[in-house]
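Numbering (our numbering), first residue to last: 72 to 411.
Right, here's the structure in full:
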């Protein structure tokens, strides 16, 4: 059996800084960088320009007109909008003029983005502005780095969307990659070697997206990621070693811990990275321990074969917890809901 600690063993795949940098160099960052550095195309439509501006401030913060197009449409006026131009269309109709229906009709053909409606009321644990931000980045996670980068108010929601998505993806991959372990001897080696690299690459890309949404320089990708090694290195490595060990267990015995480790390890790394970029310092050992503890608790709720909960990994177990500090939100925002 290969050593889990030697440079020539499986652990050596990402177990040293040199090899870790080599993995970083294999990741294609350009598409994410290009997308993160471009402002999403957004329009807010309301019954008049003042209402549109109010909604924009509530959701996007001060001076939203720099990046967000505002459009007033009076009662009875036809809505004219080139739907191909926008990735997000937000409707705010406090005067109840059936504006949403008119926008739906105007964007019914050709609109490949998402339509959001700021309704008069909607119960929920979040403020109205927080809710619409979370719905936007959850529905369109590719926009999360750019939204966080250009609109600081989006950073908590964008961080949650990126970390949640990557944690679920890694858990799913860990579950699927355990299938080759059914093949005697060779299958175990294949499963262990393949997911070490894939899951680590996913974590690297997650950290890069978090750097993007926090406004960091994205052109030296290796520097962006390697500066995080002292911050989250333990998260990369403990997850790798433990997962490799479970890869050699029989399928039924190895699947649950392997999936949980991939999920919790990725989530803890994401939280540590966000903490570092948000506050400009490493989390303390106690904070890292708390991230790991709470991520592991969440991982225990992941639905897996043999757990009769009727859910799947897309259900979003992280909805029950948010270890990142709450951001300040604008007052007076309207309740929100997403029209999918």
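For glycine and all other residues, C-beta sits at the position ideal for the given N, C-alpha and C.
All of these numbers come straight from a predicted model, not from anything done at the bench.
Where residue 162 sits in the DSSP three-state scheme:
DSSP places residue 162 in strand when its eight states are reduced to three.
Would you mind stating whether residue 174 and residue 159 have Cβ atoms separated by less than 9 Å?
Not closer than 9 Å, so no.
With distance defined between alpha-carbon atoms, name the residue in 346, 355, 113 nearest to residue 157.
Looking at the Cα atoms, 113 is the closest of the given residues.
Where residue 414 falls, given that 16 or more other Cβ within 10 Å makes a residue buried
Absent from the structure is residue 414, since the part of the chain shown begins at 72 and ends at 411.
Is the distance from the Cβ of residue 241 to the Cβ of residue 343 below 9 Å?
With a cutoff of 9 Å on beta-carbon distance, residue 241 and residue 343 are scored as not near each other.
For residue 117, the first and last residue of its enclosing beta strand (DSSP E)
Start and end: 113-117.
Buried/exposed call for residue 355, threshold 16 Cβ in 10 Å:
Label assigned to residue 355: exposed.
Counting beta carbon pairs with one atom in the stretch 98-106 and one in the stretch 199-218, are three or more of them shorter than 8 Å?
Enough Cβ pairs lie closer than 8 Å, so yes.
Could you tell me how far apart the beta carbons of residue 197 and residue 284 are, in whole angstroms, since I believe they sit closer than 8 Å?
Your pair residue 197 and residue 284 does not check out as a contact, with CB atoms roughly 19 Å apart and the cut at 8 Å.
Expressed to the nearest angstrom, what Euclidean distance is found between the alpha-carbon atoms of residue 331 and residue 358?
Rounded to the nearest angstrom, the two C-alpha atoms are 20 Å apart.
Candidates 153, 122, 118: which alpha carbon is nearest residue 171's?
Among 153, 122, 118, the Cα nearest to that of residue 171 is on 118.
Would you tell me roughly how many angstroms separate the C-alpha atoms of residue 244 and residue 169, rounded to the nearest one?
Between the alpha carbons of residue 244 and residue 169 lies a distance of about 45 Å.
Bridge partners - residue 443, DSSP secondary structure assignment:
Because the chain is modelled from 72 through 411, residue 443 falls outside the range shown and cannot be assessed.
Along the chain, where does the alpha helix (DSSP H) containing residue 102 start, and where does it finish?
Residue range 101-107 is occupied by the alpha helix (DSSP H) that includes residue 102.
Same chain, Cβ closer than 6 Å to residue 260, five either side skipped, listed in chain order
Per-residue confidence for residue 260 stands at a pLDDT of 41, beneath the threshold of 50, marking its modelled position as unreliable; the derived number appears in the next sentence. Excluding residues up to 5 positions away in sequence, nothing lies with its Cβ nearer than 6 Å to the Cβ of residue 260 in the same chain.
Leaving aside the five residues before and after residue 255 along the sequence, list all residues of the same chain whose C-beta is less than 8 Å from its C-beta, in chain order.
Below a pLDDT of 50, predicted positions are generally treated as unreliable, and residue 255, at 48, falls in that range; the measurement from the model is reported next regardless. Cβ contact annotation for residue 255 (same chain, cutoff 8 Å, sequence separation greater than five): none.
When DSSP labels each residue in this structure, what does residue 124 get in the three-state scheme?
Of the three classes helix, strand and coil, the one that applies to residue 124 here is helix, per DSSP.
I'd like the list of long-range same chain contacts for residue 389, defined as Cβ closer than 8 Å, with 5 residues on each side in sequence excluded.
Confidence at residue 389 is low in this model, with a pLDDT of 43, below 50, so its placement is unreliable and no value can be given for it.
Over the uninterrupted beta strand (DSSP E) stretch that includes residue 142, give me the two end residues.
Looking at the DSSP string, the run of the beta strand (DSSP E) that includes residue 142 is 139-143.
Option in 362, 128, 351 with minimal Cα separation from residue 335:
With respect to the C-alpha of residue 335, the residue from 362, 128, 351 having the closest C-alpha is 362.
Nearest-angstrom Cα distance between residue 293 and residue 270?
Rounded to the nearest angstrom, the gap between the Cα atoms of residue 293 and residue 270 is 18 Å.
Three-way DSSP call (helix, strand, coil) for residue 284 in this model:
Secondary structure of residue 284 (DSSP, three-state): helix.
Range covered by the beta strand (DSSP E) that runs through residue 222
Element bounds for residue 222: n/a, residue is neither H nor E.
Would you say residue 130 and residue 142 are within 9 Å of each other, going by their C-beta atoms?
No. Outside cutoff.
Three-state class that DSSP yields for residue 157 in the structure shown:
Residue 157 falls in the coil class under three-state DSSP.
Residues bridged to residue 185 by DSSP?
Its beta-bridge partners are 159.
In chain order, what residues of the same chain have a beta carbon less than 8 Å from the beta carbon of residue 150, not counting five sequence neighbours either side?
So the qualifying residues of the chain are 116, 144, 170, 173, 174, 176, 177.
Would residue 278 and residue 351 be called neighbours here (beta carbons separated by less than 9 Å)?
No, these two residues do not count as a Cβ contact at 9 Å.
Taking its Cβ as the centre, do 16 or more other Cβ atoms sit within 10 Å of residue 111, making it buried, or is it exposed?
By the Cβ neighbour-count rule, residue 111 is buried, with 16 or more other Cβ atoms within 10 Å of its own.
For residue 247, three-class secondary structure by DSSP:
Residue 247: helix per DSSP, three-state reduction.
Round the Cβ separation of residue 281 and residue 348 to the nearest angstrom and send it over; I've been treating them as touching at under 8 Å.
Taking 8 Å as the upper bound for CB-CB distance, residue 281 and residue 348 are in contact here, some 6 Å apart.
For residue 214, which of helix, strand or coil comes out of DSSP?
The answer is helix: DSSP assigns residue 214 an H, G or I state.
Ordered along the chain, which non-local residues of its own chain (more than five positions away) have a Cβ less than 6 Å from that of residue 204?
So the qualifying residues of the chain are 225, 228.
Classify residue 155 as buried or exposed, calling it buried when 16 or more other Cβ atoms lie within 10 Å of its own Cβ.
Per the 10 Å Cβ criterion, exposed.
How many Å lie between residue 137 and residue 372 at the Cα?
Straight-line Cα distance between these residues: approximately 43 Å.
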